[in-house]
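Below: one structure, written as structure tokens.
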Amino acid sequence: MNIDLTIIGGGAAGLAAALAASDQKLKILIIEREPRLGGILNQCIHNGFGLHMFQEELTGPEYAHRFIESLQEKHIDILLGTTVIDIQKKDDFHITLTSEKDGYQHLISKAVIIASGCYERTRGAVQIPGERPKGIMPAGSAQRYLNMEGYLVGKRVFILGSGDIGLIMARRMTLEGAEVLGVAELMPYSNGLTRNIVQCLNDFDIPLYLSHTVTNIKGKDVLEQITIQQVDDRFEPIPGTEKVFEVDTLLLSIGLIPDVGLFDSLQMQKSPMTKSAIVDQSLMTNVKGLFVCGNALHVHDLVDWVSKEGEKAGKYAKAYILEEEQRLKDLKSVIVGPNIRYVVPHMIDFNHLDEPIQCSFRVTKKMALGLFKVIQNGKVIIQKKAKYIAPAEMENIVIKKEDFISNDPIEISLEELA
Amino acid sequence: MKELTCIVCPVSCHLTVDDSLKVVGNRCPRGEKYAIVEMTSPKRMITTTVKTTSTDCPRLSVKTKDPVPKELVFKILEYLSDVIIQKDVNIGDVIVSDIFSTGVDIVATKAMIQHDEVKR
């Protein structure tokens, strides 16, 4: 089977990429491991999606439906219930798939977009001391059990980590009749959107313990009891601050990691901060013809931005396939300056400045007022003031061709204003 | 004077409302409306699921078409826990109309085709 563009993942990023790439001249294939398109949106039944894409507030399944509907009018092939198990780069990409229905299949593709989303960190990632009973699981798994299968995983619940999934699940479990005793967050600030603290915790008087973590777990077969403790500024538990909760469930909302492990055979250059590929503004990796977008590239806080990034990957992948002669790249780094955690894209290709470059980034600490700066050759070429800056909220700066004063690397930094 | 965080959209604007219900800090008109409603008669959207007889899709996600009074949230959820969907549903179909005379319908947020009828 010969394909022009293979998109791995049929969730928010993959669907948007497919729509943006769709063209009479191209043979496009979406590979999705679940039996239906939509990805994680299918289990996110709460609303708040689509404000930027559609100027209205939709639930996850409704948001996915908009894209799936548009897809049906296009000339795009879809393989459901199919997993990619290997991908090799020769001149083209050689992809091995497997599915229950059709077994092993091989295909050859000119370009590939990885839109495989992210996975949740588990107990092992944070090494919580204590016994290992059942009843401890990532919040997203509990969400899937509840919203898709209809199983409430526990009745007395504690949540570690204040990421958005944890907050959403605190409300969801409460509404379904469970008692949520509290949410503990290691950092002195929440990692979720402020609106979720308000409508998911405050509305139900669920306490949020900032600068706290779980320091002990008890339970022979099923979870019986957890202990939380306050931590100091080096995240060491402070003796004497123990609080004990009798619970049957501990949900973990302790971070998401781009799911790109399958593609190790591609010799993709990776960023230690985002734990995914290093890309330029076209979202192409160092492997020619391989693009990465959405949560597989870096974890976003709004699905709307995932879709926008998917669109971008789709557009550039299509241009790559249709371009007769590849223009050489002039790649320079985007330097991560003070108070910035990471920037995507990691590189700027100064030979392709036709379109404004959107830099997405996260900061390292919370600030009431700050000044973002883009610096080139020691000069500030763009600056932007912002209020209520937080690591949980992704920031954006658009750089236009005329903003650059040379073809040298740029730095993005943040200065705290009093 | 009261400080609120707008929950209309994920932007989460910081709002300040004074006693005469004058709102500042909102970045769009919906923030002003939210703050006034929140101070007078708070409302919430409900998103949840109802049971189905489909084996493919044991739960159908639904929502209130508009926000409903906050004090009715648990009453509505209890009512919905007894609803069982036995037919095909399109996205936007009304599952319960005018729930508890609020004037608000409960609508499906996804489409569902019952492949196989389950014997009851």
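Here the protein sequences line up with chains A and B, keeping their order. Under the working numbering, the letters of the first sequence match residues -9 to 408, in that order. Under the working numbering, the letters of the second sequence match residues 141 to 260, in that order. Note that the Cβ used here is the ideal one computed from N, Cα and C, for glycine as well. Just so you know, these numbers come straight off a predicted model, no measurement behind them.
Which of helix, strand or coil does DSSP assign to residue i?
{"i": "A:Ser12", "result": "coil"}
{"i": "A:Ala3", "result": "helix"}
{"i": "A:His290", "result": "coil"}
{"i": "B:Lys259", "result": "Unreliable positioning characterises B:Lys259 in this predicted model, as indicated by a pLDDT of 38, which lies under 50. A coordinate reading is not provided."}
{"i": "A:Arg113", "result": "helix"}
{"i": "A:His256", "result": "Residue 256 of chain A is actually Leu in this sequence, not His. Helix at A:Leu256."}
{"i": "A:Asp76", "result": "strand"}
{"i": "A:Leu70", "result": "coil"}
{"i": "A:Glu169", "result": "strand"}
{"i": "A:Leu246", "result": "strand"}
{"i": "A:Ile400", "result": "strand"}
{"i": "A:Glu392", "result": "helix"}
{"i": "A:Glu383", "result": "coil"}
{"i": "A:Asn(-8)", "result": "strand"}
{"i": "B:Met252", "result": "strand"}
{"i": "B:Ser241", "result": "helix"}
{"i": "A:Glu406", "result": "strand"}
{"i": "B:Met141", "result": "coil"}
{"i": "A:Met274", "result": "strand"}
{"i": "A:Leu27", "result": "coil"}
{"i": "B:Lys183", "result": "strand"}
{"i": "A:Lys124", "result": "strand"}
Which residue comes first and which comes last in the alpha helix (DSSP H) that contains residue i?
{"i": "A:Thr164", "result": "Asp154 to Leu165"}
{"i": "B:Gly171", "result": "Pro169 to Thr180"}
{"i": "A:Ser131", "result": "Ala129 to Arg134"}
{"i": "A:Phe57", "result": "Gly50 to Gln62"}
Please list the terminal residues of the continuous beta strand (DSSP E) segment that includes residue i.
{"i": "A:Phe148", "result": "Arg146 to Leu150"}
{"i": "B:Val213", "result": "No beta strand (DSSP E) holds B:Val213; the alpha helix (DSSP H) holding it covers Val213 to Leu220."}
{"i": "A:Lys374", "result": "Lys369 to Ile379"}
{"i": "A:Gly38", "result": "Asn37 to Phe39"}
{"i": "A:Phe83", "result": "Phe83 to Ser89"}
{"i": "B:His154", "result": "His154 to Val157"}
{"i": "A:Gly93", "result": "Gly93 to Ile104"}
{"i": "B:Val234", "result": "Val234 to Val236"}
{"i": "B:Lys203", "result": "Arg199 to Thr204"}
{"i": "B:Lys191", "result": "Thr187 to Thr192"}
Residues of chain C with CB under 9 Å from residue i, in chain order?
{"i": "B:Leu217", "result": "Note that chain C does not occur in the displayed structure, where the protein chains are A and B."}
Worksheet entry | Contacting positions in the region 367 to 383 of chain A - beta carbon closer than 9 Å to chain B | Answer set for the region 367 to 383 of chain A: Lys377, Tyr378 and Glu383.
Practice prompt. Return the residues of the region 154 to 188 of chain A that lie within a Cβ-Cβ distance of less than 7 Å from chain B, sorted by chain order.
Written response: Leu165, Leu183, Thr184, Arg185 and Val188
Discussion item. What are the residues in the region 224 to 254 of chain B lying within 8 Å of chain A by C-beta distance?
Written reply: Ile231, Thr249, Lys250 and Ala251
Discussion item. Please give the ranges of any beta strand (DSSP E) in the region 280 to 366 of chain A, keeping only runs that are unbroken, at least 3 residues long and fully inside the region.
Written reply: 280 to 282, 321 to 326, 330 to 334, 337 to 339, 347 to 353 and 357 to 366
Item to complete: Pull out every residue of the region 41 to 55 of chain A whose Cβ sits closer than 7 Å to any Cβ of chain B, in chain order.
Response: Legend: CB atoms of the region 41 to 55 of chain A lying less than 7 Å from CB atoms of chain B belong to residues Leu41, Glu47, Thr49, Pro51, Glu52 and His55.
Practice prompt. Determine which residues of the region 123 to 139 of chain A have a Cβ less than 7 Å from any Cβ of chain B, and write them out in chain order.
Written response: Asn137, Met138 and Glu139
Item to complete: Please specify which runs of the beta strand (DSSP E), each continuous and at least 3 residues long, are wholly inside the region 171 to 242 of chain A, giving them in chain order.
Response: 198 to 200, 202 to 208, 215 to 220, 233 to 236 and 239 to 242
Worksheet item: Pairing CB atoms from the region 95 to 104 of chain A with CB atoms from the region -9 to -1 of chain A, are three or more of them under 8 Å?
Response: yes
Discussion item. By the 8 Å beta-carbon criterion, what residues does the region 162 to 195 of chain B contribute toward chain A?
Written reply: Arg184, Met185, Ile186, Thr187, Thr188, Thr189 and Lys191
Practice prompt. Pull out every residue of the region 24 to 43 of chain A whose Cβ sits closer than 7 Å to any Cβ of chain B, in chain order.
Written response: Ile35, His36, Asn37, Gly38 and Leu41
Discussion item. Whether or not the region 111 to 130 of chain A and the region 181 to 195 of chain B are in contact is what I'm after, with contact meaning three or more pairs of Cβ atoms, one per stretch, closer than 8 Å; do they touch?
Written reply: The region 181 to 195 of chain B vs the region 111 to 130 of chain A: no contact.
Item to complete: Could you tell me whether the region 321 to 341 of chain A touches the region 204 to 223 of chain A, where touching means 3 or more Cβ pairs closer than 8 Å?
Response: Contact fails: fewer than three Cβ-Cβ distances are below 8 Å.
Discussion item. Beta carbons nearer than 9 Å to chain A: which residues of the region 195 to 216 of chain B have them?
Written reply: Asp196, Cys197, Pro198, Arg199, Ser201, Val202, Lys203, Lys210, Val213 and Phe214
Worksheet item: Are the region 69 to 79 of chain A and the region 240 to 249 of chain A in contact at 8 Å, needing three or more beta carbon pairs?
Response: no
Practice prompt. Say whether the region 370 to 380 of chain A touches the region 300 to 315 of chain A, bearing in mind that this needs 3 or more beta-carbon pairs closer than 8 Å, one atom from each stretch.
Written response: no
Discussion item. Tell me whether the region 273 to 282 of chain A and the region 254 to 262 of chain A touch, counting them as touching only if at least three CB pairs, one residue from each stretch, are closer than 8 Å.
Written reply: yes
Worksheet item: Does the region 192 to 206 of chain B touch the region 247 to 255 of chain B, meaning 3 or more C-beta pairs lie closer than 8 Å?
Response: yes
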